[in-house]
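Enquirer: Attaching a single structure in structure tokens format; questions to follow.
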Amino acid sequence: MKRWVLFAAMGMILAIYVGFVEIKGDEKTFTGLEVYVEGVSELYFVEEKEIHRMLENDFEQLKPGVKVSTIPLYELEKKVENHPFVKDAEVFVDLKGKVMVKVAQHIPLARITRPMAPDGYISTEGVILPTSTHFTPRVITIQGRGADRILETGSLGTDGDSLLELLHFIDRDKLWHAQISGIELLANGDVILQQQVGKQVIEFGKPESIEEKFKKISIYYTEIVPLKGWNTYERVNVKFKDQIICE
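As structure tokens, then:
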């Protein structure tokens, strides 16, 4: 009986405490706005002051003395996530009434270049991004009719997963990251690789059987170039299974 009375008393105390906390939470007033952007290798494509200014301009509730319960945190979060370089945002109020905004950025993986139109980026997750006025990352470049179509449609298209896999493969490998300077993406989806060293282009074909094709490119460098020299051939074709065609 005594144990039951003790539990009942503890339950009442807890309920009173929770109610008190809720009342205090409702009475809490806005004391400031703090924005934190997670850097990508200490590089920033969206600046904290930019997000700060945008939210203060668009939400009049962000003023000292305003009850935090009236601040539309979800709307603030969605506003931040609408920024083209923002991958994800979290907005919450700390114990002192400060609105905290945490921002994760998209990470550019490749840059699509166009001579007569604005460039764009492909993110590590395949999202199409505009260029940034804050920073120009050093990433592999893509050009050609197929690349133009990506920016025109805002999508990687039907072969998008394969192209993204190719970009990640090059980015992860130190040798290929250093040696492959650019990609030409043709209208039919075929890929041509451009090199830092050597004048020949590498006709890669569709972005499939990626590891197998790079093994053939490696054979070209390690077995054919030492015998024939760097500038003997203008084209190296690895499109076809178990074949290396040099012309």
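Throughout the sequence shown, residue numbering follows the numbering used here, covering 25 to 271 in sequence. Quick reminder that beta carbons are idealized off the backbone N, C-alpha and C, glycines included.
1) Beta-carbon separation of F116 and V92 under 7 Å?
2) Does DSSP put F228 in a helix, a strand or coil?
3) Measure the alpha-carbon distance for I248 versus E236 and round it to whole angstroms.
4) What does the alpha-carbon distance come out to for the pair V262 and R196?
5) Check whether the Cβ atoms of R259 and Q224 sit closer than 7 Å, and answer yes or no.
6) With DSSP as the reference, identify every bridge partner of F116, one or two as the case may be.
7) Per DSSP, what are the beta-bridge partners of Q218 in this structure?
8) Per the DSSP calculation, E58 is bridged to which residue(s)?
9) By DSSP, does P132 sit in helix, in strand, or in coil?
10) Residues in the same chain with beta-carbon distance under 6 Å from I269, minus the five sequence neighbours each way, listed in chain order, please.
11) By Cβ distance below 8 Å, which residues in the same chain neighbour E51 in space, the five residues on each side in sequence not counted?
12) Is the beta carbon of S242 within less than 6 Å of some heavy atom of the ligand SAM?
Expert: Reading it off the structure:
1) Along the sequence shown, one-based indexing puts residue 116 at 92. Along the sequence shown, one-based indexing puts residue 92 at 68. Judged by their CB atoms, F116 and V92 are not nearer to each other than the 7 Å cut-off.
2) What you label residue 228 is simply residue 204 of the sequence shown in a count that begins at 1. F228 carries a strand assignment under DSSP once its states are collapsed to helix, strand and coil.
3) As a position in the sequence shown, residue 248 is number 224, starting the count at 1. As a position in the sequence shown, residue 236 is number 212, starting the count at 1. Taking the CA atoms as reference points, I248 sits about 17 Å from E236.
4) Counted from its first residue, the sequence shown places residue 262 at position 238. Counted from its first residue, the sequence shown places residue 196 at position 172. Approximately 21 Å between the Cα atoms of the pair.
5) Counting from 1 along the sequence shown, the entry for residue 259 is found at position 235. Counting from 1 along the sequence shown, the entry for residue 224 is found at position 200. It is a contact, given that the beta carbons lie within the stated cut-off.
6) Your numbering for residue 116 matches position 92 in the sequence shown. By DSSP's assignment, F116 forms a beta bridge with M124.
7) Indexing the sequence shown from 1 puts residue 218 at position 194. Partner(s): G206.
8) Counted from its first residue, the sequence shown places residue 58 at position 34. Bridge partners of E58: M124.
9) As a working mapping, residue 132 is identified with position 108 in the sequence shown. Annotated three-state conformation of P132 is strand, per DSSP.
10) By one-based count along the sequence shown, residue 269 stands at place 245. If we look at I269 and ignore the five residues flanking it on each side, its Cβ neighbours are N261.
11) By 1-based counting over the sequence shown, the position of residue 51 is 27. Excluding positions up to five away in sequence, the list reads K91.
12) With respect to small molecules bound, the structure shown includes none, and the ligand SAM cannot be examined in it.
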